[in-house]
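A short write-up of the structure that comes next.
Take a look at the structure:
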């Protein structure tokens with residue numbers, strides 16, 4: 779698949795809530811996933827499918843997702859951008875919030891090898 | 779200015795139609811501006827302020843802009859993303875269209891050193 783085919787498939791599967799299928803079929807084994815937020819220990823990357831799966835599991839456990847809206851894709855060469863609006867409640871605090879962020883994806887050999895999320899990490 | 783200060787100033791000036799002021803005050807002399815569309819001769823980059831100014835002048839001459847809507851910024855480290863919707867008529871053909879694209883900007887020492895535009899370049 780070329781960049782746009784990967785992008786459209788990701789939008790399709792995410793839109794259907796099939797995140798696990800997207801993860802298994804569209805992500806490279808050596809995926810690097812980078813958050814805008816840098817943790818106090820300096821970490822903001824998950825490297826490899828196992829690490830990213832753990833991040834997803836943490837996120838799913840810590841949040842109740844009410845709805846997800848995906849916009850895009852906007853392509854440029856081997857990269858594409860998606861927009862996300864996520865209506866979510868943080869389970870620990872009970873605070874409901876509207877997350878508004880952008881994902882920048884890099885594709886190589888038909889798989890996503892890098893994803894970087896853009897959002898205001900410090901208010 | 780840090781990344782978000784540059785980003786917000788760019789949104790503010792672009793939103794007021796003050797593109798020239800944004801260009802003069804926020805862009806680095808060695809700016810590289812990259813389009814998703816690759817011309818038949820392989821070029822898709824403008825390097826340096828003079829080249830980018832020429833690109834802007836060509837664009838302004840070839841299009842009648844009816845309105846511009848800017849969304850964002852979404853930051854990540856030294857980069858940020860903006861969304862653009864531009865209602866425009868191509869002067870040569872008279873065709874009016876809604877451009878929908880994303881800009882990815884890189885900031886260094888308080889100036890924009892790289893901008894890359896994401897959109898469907900070949901339908």
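Protein chains in written order, with the numbering used here: chain E, 779 to 901; chain C, 779 to 901. Even for Gly, the Cβ is constructed at its ideal location relative to N, Cα and C. Please read all numbers here as calculations on a predicted model, not as lab measurements.
Is there a C-beta anywhere in chain E that falls below 7 angstroms from the one on residue i?
i                      : result
residue 883 of chain C : no
residue 852 of chain C : yes
residue 859 of chain C : yes
In terms of residues, what are the limits of the beta strand (DSSP E) holding residue i?
i                      : result
residue 844 of chain C : 841-854
residue 870 of chain E : Where residue 870 of chain E is concerned, there is no enclosing beta strand (DSSP E), given that its DSSP letter is neither H nor E.
residue 881 of chain C : 874-886
residue 808 of chain E : 805-812
residue 891 of chain E : 889-896
residue 824 of chain E : 823-825
Determine whether the Cβ of residue i lies closer than 7 angstroms to any Cβ atom of chain C.
i                      : result
residue 896 of chain E : yes
residue 814 of chain E : yes
residue 846 of chain E : no
residue 880 of chain E : yes
Would residue i and residue j be called neighbours here (beta carbons separated by less than 7 angstroms)?
i                      : j                      : result
residue 848 of chain E : residue 862 of chain E : yes
residue 880 of chain E : residue 836 of chain C : no
residue 843 of chain C : residue 823 of chain C : no
residue 894 of chain E : residue 812 of chain E : yes
residue 840 of chain E : residue 869 of chain E : yes
residue 865 of chain C : residue 876 of chain C : yes
In angstroms, rounded to a whole number, what distance separates the CA positions of residue i and residue j?
i                      : j                      : result
residue 845 of chain E : residue 803 of chain C : 40 angstroms
residue 901 of chain C : residue 780 of chain E : Reliability of the predicted coordinates at residue 901 of chain C is poor, the pLDDT of 43 falling under 50, and the value obtained from them is presented with this limitation in mind. Computed Cα separation, rounded: 14 angstroms.
residue 856 of chain C : residue 883 of chain C : 8 angstroms
residue 789 of chain E : residue 834 of chain E : 17 angstroms
residue 832 of chain E : residue 799 of chain C : 46 angstroms
residue 872 of chain C : residue 878 of chain C : 19 angstroms
residue 793 of chain C : residue 830 of chain C : 20 angstroms
residue 828 of chain E : residue 867 of chain C : 49 angstroms
So residue i packs on residue j, CB below 8 angstroms; how close in whole Å?
i                      : j                      : result
residue 885 of chain E : residue 784 of chain E : 5 angstroms
residue 896 of chain C : residue 854 of chain E : 4 angstroms
residue 806 of chain C : residue 889 of chain C : 4 angstroms
residue 808 of chain C : residue 820 of chain C : Contact doesn't hold; Cβ gap of about 21 angstroms is too wide.
With respect to the alpha helix (DSSP H) encompassing residue i, which residues constitute its N-terminal and C-terminal limits?
i                      : result
residue 790 of chain C : 781-793
Taking 6 angstroms as the cut-off, is the beta-carbon of residue i closer than that to any non-hydrogen atom of the ligand HEM?
i                      : result
residue 835 of chain C : Although the ligand HEM was asked about, the structure shown includes no ligands whatsoever.
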